[in-house]
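To start, the structure under review is shown below, and the notes come after it.
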Amino acid sequence: MSLLDLLFPPRCGGCGGYGAAWCPACAGTLRRPSASTLAGIPLVAAGRFDGPLQQAIHTYKYRPRPQLATVLAQPLARAIVTAGLPLAALTFVPLHPQRQRERGFNQAERLAAQLASALGMPLVSGLTRVRATPAQVGLSQAERRANLAGAFHWTAAQPPGHRLGLVDDVCTTGATLTAAAEAVAEVGGSIGAFLVLAVAQTLPAVAVT
Ligand SMILES: [Zn+2]
Numbered sequence: 535m536s537l538l539d540l541l542f543p544p545r546c547g548g549c550g551g552y553g554a555a556w557c558p559a560c561a562g563t564l565r566r567p568s569a570s571t572l573a574g575i576p577l578v579a580a581g582r583f584d585g586p587l588q589q590a591i592h593t594y595k596y597r598p599r600p601q602l603a604t605v606l607a608q609p610l611a612r613a614i615v616t617a618g619l620p621l622a623a624l625t626f627v628p629l630h631p632q633r634q635r636e637r638g639f640n641q642a643e644r645l646a647a648q649l650a651s652a653l654g655m656p657l658v659s660g661l662t663r664v665r666a667t668p669a670q671v672g673l674s675q676a677e678r679r680a681n682l683a684g685a686f687h688w689t690a691a692q693p694p695g696h697r698l699g700l701v702d703d704v705c706t707t708g709a710t711l712t713a714a715a716e717a718v719a720e721v722g723g724s725i726g727a728f729l730v731l732a733v734a735q736t737l738p739a740v741a742v743t
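When we follow this note's numbering, the leftmost residue of the sequence shown carries the number 535, and every step to the right adds one.
Here is the structure:
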């Protein structure tokens with residue numbers, strides 16, 4: 535423990551307790567979802583979007599505490615290793631530039647950077663959110679999909695390549711992830727897996743096989 539930790543002990547992103555940024559009690563509540571796919575692409579998650587993990591993701595994004603990426607990436611990195619998927623590199627779901635300016639960071643990018651370093655994989659960026667999309671909350675899956683159609687483009691000079699792991703914080707209906715994957719496919723690349731901290735209970739059963 536550093537002097538800084540003694541003076542300002544870290545608080546758990548899940549329960550608010552002092553001592554660790556993600557305490558063993560909260561870590562013990564993670565329930566890893568069973569293997570699933572979204573639009574035929576494997577979906578790997580560290581847990582379900584409820585309880586301490588939901589609270590920690592909220593703290594990470596909105597308080598905000600970007601340093602929580604370090605501890606939140608660990609259970610996801612383990613889930614990716616367990617899944618044994620042959621990924622070539624990682625990339626991430628972009629925020630609209632205005633949203634990123636307001637938040638000060640992109641939670642998916644920061645998470646992807648931690649995962650890339652934990653897994654020893656390259657991190658490539660290239661997806662751009664070309665359209666600010668209205669808030670997704672309260673929309674049906676069909677409405678979300680329409681809302682997001684054409685919202686992403688691959689804008690890097692370098693093509694995306696194949697077997698990319700696409701990182702985001704939460705998968706609610708899968709509309710964001712599939713729209714981003716379509717943007718990668720449009721320029722000849724492919725997504726090998728969707729990698730998220732948490733999947734929502736609302737993820738329609740029809741999207742999961
Ligand atoms: Zn805790």
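Glycine residues also receive a C-beta, built at the ideal position from the N, C-alpha and C atoms.
Residue i burial status per 10 Å Cβ neighbour count (16 or more: buried)
i	result
A590	buried
A666	exposed
F542	exposed
G722	exposed
P544	buried
Q641	buried
E636	exposed
E643	buried
A727	buried
V740	Only weak support is given to the placement of V740: the predicted model assigns it a pLDDT of 39, under 50, and the question is left unresolved by the model.
Extent of the continuous beta strand (DSSP E) to which residue i belongs
i	result
H756	The structure shown has nothing for residue 756, since the chain only spans 535 to 743.
T662	661-663
A732	725-733
R582	575-582
L572	570-572
Closest by C-alpha distance to residue i, when choosing among the options
i	options	result
G695	A623, H687, A680	A623
G699	A647, C546, Y596, R679	A647
V671	T707, M655, P656, P620	T707
F686	V605, A680, R663, P567	R663
P567	R582, Y594, F728, R633	R582
L729	P631, L619, R597	L619
T563	V578, A579, D584, A569	D584
V733	L602, L629, A569, A603	A569
P558	R597, V578, V605, P598	V605
Run of the alpha helix (DSSP H) containing residue i, from where it starts to where it stops
i	result
A585	In the sequence under discussion, the amino acid at residue 585 is Gly, which differs from the Ala named in the question. Residues 585-596.
C816	In the structure displayed, the chain extends from 535 to 743; residue 816 sits before or after that span and is not available.
Closer than 8 Å: residue i CB and nearest ligand 2 heavy atom
i	result
C546	Ligand 2 is not part of the structure shown, which contains ligand 1 as its ligands.
Any 3 or more C-beta pairs closer than 8 Å across the segment 551-567 and the segment 689-703: no
Validate contact between the segment 567-582 and the segment 711-728 using beta carbons, cut 8 Å, 3 pairs: yes
Complete runs of the beta strand (DSSP E) confined to the segment 595-633 [at least 3 residues]: 623-626
Inter-stretch contact (C-beta, 8 Å, three-pair minimum) for the segment 621-638 and the segment 649-658: yes
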